[in-house]
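The structure appears right after this line, and notes come after that.
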Amino acid sequence: MTRSASSGSAEQKPELMIQRDSRAVSQGQAPPERTPAGVRAAQAVRLPEPWASSAVTVVMPTYNEADNLPAVLEALFALPLPALRVLVVDDNSPDGTGDLAERLAREEYGPERLSVLRRPGKQGLGRAYVHGITHALEHGADFVVQMDADLSHPPEAVPQMLGTLLSTEADVVIGSRYATGGKLAENWAPHRKALSAWANFYVRVLLHLRIRDVTAGFKIWRRETLRAIDVAGVASNGYSFQVEMNYRAVRLGLKIVEVPIRFEERHDGQSKMSLGVQLESALMPFRLRRLAGRLGAPPRE
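Numbering (the UniProt record's numbering), first residue to last: 1 to 301.
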């Protein structure tokens, strides 16, 4: 697969230089609730050019995230990534998330940086990502970030993930809760931590995947990687979209790198993990095994 550091980049790849503002909070320290965007930006890796000006689009599905959206957008647009765009994919949220996103695009950030894709109803996380990623690629994104709108994924990790993608020539980088150094929020209930660990183990064993955080939802992809995977052909409707994308990447022999993150509890609102979503997630590994022949041969050991 042809890889390019960014459009218009020189032949010699720039060295990944990790520079942090002196105001940054020590790594591993639990951040306070609603960490200010400036503090998050100070924690972020500062990439050299041309990497910092890469065409990155964050695709962010939303459903009833009006309480979280302003904070996560402020944090993303404070990052040292001047060409970063955000695409909000809203499923007709009853709390007005879509209307809020459109107002912020008009009054705060401009439609060239923040755009909104409105859908008629709640159709599932997987369908939201398929529509959003397809839209981002059609509008010039060279790199696509998947992340939640509830601040459970640290926005300040995006530059590091982009730098890792480019410096390692990976096809996708995963923000991993279970890689060495990764963490789950201390205020997660024990049964939720156990369920998360069990789901991850279950999928890894059934699909023979070596990814440590196979159910992760925080990733950055290359444009050409998403084309190779055929995002439009992904069958998953709910959270199992994350697993299917990883499985397709592994079957194609693509390079996957994980970087540790601290996964936080959502600040406001309710989890969208319904019983139906959990059932689809439990059954999807069996479906993927049946479809294995259509997804390409597994890589040689």
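Every residue gets a Cβ at the ideal spot worked out from N, C-alpha and C, and that includes glycine.
Predicted model only: the values in this text are computed from it and were never measured.
### Message
On the DSSP bridge list, what partners appear for ASP90?
### Response
Residue numbering aside, residue 90 sits at position 90 when the sequence shown is read from its first letter. DSSP output for ASP90 lists THR62, ARG118 as bridge partner(s).
### Message
Which same chain residues end up closer than 7 Å to ASP91 when comparing Cβ atoms and leaving out the 5 residues on each side of it in sequence?
### Response
Walking along the sequence shown from the start, residue 91 turns up at place 91. The residues are TYR63, ARG119, GLY121, LYS122, GLN123, ALA128.
### Query
Using the C-alpha atoms, what's the distance from ALA83 back to PRO50?
In the sequence shown, the residue the question calls residue 50 occupies position 50. In the sequence shown, the residue the question calls residue 83 occupies position 83. In a straight line, the C-alpha of PRO50 is about 11 Å away from that of ALA83.
### Query
Tell me the DSSP bridge mates of TYR57?
Your numbering for residue 57 matches position 57 in the sequence shown. In the sequence as presented, Tyr is not what sits at residue 57; that position holds Thr. According to DSSP, THR57 bridges with ARG85, VAL144.
#### Entry: Anticipated Cβ contact below 8 Å, LEU117 with LEU87, distance rounded
As a first step, residue 117 is located in the sequence shown; it is residue number 117 there, counting from the start. As a first step, residue 87 is located in the sequence shown; it is residue number 87 there, counting from the start. At roughly 6 Å, the Cβ-Cβ gap stays under 8 Å, so LEU117 and LEU87 are in contact.
### Message
Tell me whether the segment 145 to 164 and the segment 190 to 210 touch, counting them as touching only if at least three CB pairs, one residue from each stretch, are closer than 8 Å.
### Response
no
### Spatial distance of PHE263 from GLU107 (CA atoms)
If you number the sequence shown from 1, residue 263 lands on position 263. If you number the sequence shown from 1, residue 107 lands on position 107. Cα to Cα, PHE263 sits roughly 31 Å from GLU107.
### Message
My output table needs one value for LEU254: the three-state DSSP class, helix, strand or coil.
### Response
Within the sequence shown, numbered from 1, the residue matching residue 254 stands at position 254. If DSSP states are grouped into helix, strand and coil, LEU254 belongs with coil.
### Query
Between SER176 and ASP213, which are expected to be in contact by the criterion C-beta below 8 Å, what is the C-beta distance as a whole number of angstroms?
Translated into the one-based positions of the sequence shown, residue 176 becomes position 176. Translated into the one-based positions of the sequence shown, residue 213 becomes position 213. Going by Cβ atoms, the distance from SER176 to ASP213 rounds to 4 Å, so yes, they are a contact pair.
### Task
Report yes if the C-beta distance between ILE211 and ASN246 is below 7 Å; otherwise report no.
The sequence position of residue 211 within the sequence shown is 211, counting from 1. The sequence position of residue 246 within the sequence shown is 246, counting from 1. Yes, these two residues count as a Cβ contact at 7 Å.
### Message
Below 8 Å on the Cβ atoms is my contact criterion, and I expect LEU162 with SER54 to pass it. Report the Cβ-Cβ distance as a whole number of Å.
### Response
Numbered from its first residue, the sequence shown carries residue 162 at position 162. Numbered from its first residue, the sequence shown carries residue 54 at position 54. Contact flag correct, Cβ pair sits at about 6 Å.
### Task
Return the first residue and the last residue of the beta strand (DSSP E) that TRP221 is part of.
Along the sequence shown, read from residue 1 onward, the residue named residue 221 stands at position 221. Start and end: 219 to 222.
### N- and C-terminal bounds of the alpha helix (DSSP H) containing GLY38
If you number the sequence shown from 1, residue 38 lands on position 38. Its alpha helix (DSSP H) spans residues 37 to 43.
### Message
So, under 8 Å CB-CB, LEU69 and ALA101 are touching, yes? Tell me the CB distance rounded to an integer number of Å.
### Response
Stepping through the sequence shown from its first residue, residue 69 is reached at position 69. Stepping through the sequence shown from its first residue, residue 101 is reached at position 101. The pair is a contact, with the Cβ atoms about 6 Å apart (cut-off 8 Å).
### Query
So, is ARG222 buried or exposed, given that buried needs 16 or more other C-beta atoms within 10 angstroms?
Your numbering for residue 222 matches position 222 in the sequence shown. It is buried - the Cβ of ARG222 has at least 16 other Cβ atoms within 10 Å.
### Query
For the putative contact between GLU156 and ALA232, defined by C-beta atoms under 8 Å, what is the C-beta separation to the nearest angstrom?
In the sequence shown, the residue the question calls residue 156 occupies position 156. In the sequence shown, the residue the question calls residue 232 occupies position 232. About 31 Å separates the two Cβ atoms, so there is no contact after all.
### Query
How about ALA42 and LEU79: do their beta carbons lie closer than 7 Å?
Your numbering for residue 42 matches position 42 in the sequence shown. Your numbering for residue 79 matches position 79 in the sequence shown. Not in contact: ALA42 and LEU79 (Cβ atoms no closer than 7 Å).
### Message
By alpha-carbon positions, which one of ARG227, ARG85, VAL173 ends up nearest to PRO260?
### Response
For the purposes of this step, residue 260 is taken as the residue at position 260 of the sequence shown. Considering only alpha carbons, the answer is VAL173.
### Query
Should VAL89 and GLY140 be called a contact, given that it needs their Cβ atoms to be closer than 7 Å?
Sequence index remark: in the sequence shown, residue 89 carries index 89 (1-based). Sequence index remark: in the sequence shown, residue 140 carries index 140 (1-based). No, they are not a contact pair.
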